[in-house]
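Heads up: the sequence shown at position 16 corresponds to 30 in our numbering, and the numbers run straight through without jumps. Glycine included, each C-beta is placed from N, C-alpha and C at the ideal position. Some notes on the structure that comes next.
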Amino acid sequence: IPVLLKTDELVFEQSLFALIQLSFLCTFFFENDLSHKIE
């Protein structure tokens with residue numbers, strides 16, 4: 015059971031990291047889009 019728990023924690027950390035990266039990417043593209051529209 016502890017092994018499963020550790021695996022779950024690892025998967026959770028990885029998906030959390032992926033979500034953070036994704037949100038940064040979305041923010042970057044969104045800001046780029048806005049600046050292009052303002053110009």
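Who are the Cβ neighbours of residue 32 in its own chain at under 7 Å, not counting the five residues just before and after it?
Residues of the same chain with a CB within less than 7 Å of the CB of residue 32, apart from the 5 flanking positions on each side, do not exist.
Residue 41 versus residue 20: straight-line alpha-carbon distance, rounded
32 Å
Straight-line CA distance for residue 26 to residue 38?
18 Å
Could you name the residues of the same chain whose beta carbon sits closer than 7 Å to that of residue 51, not counting the 5 residues immediately before and after it, in chain order?
none
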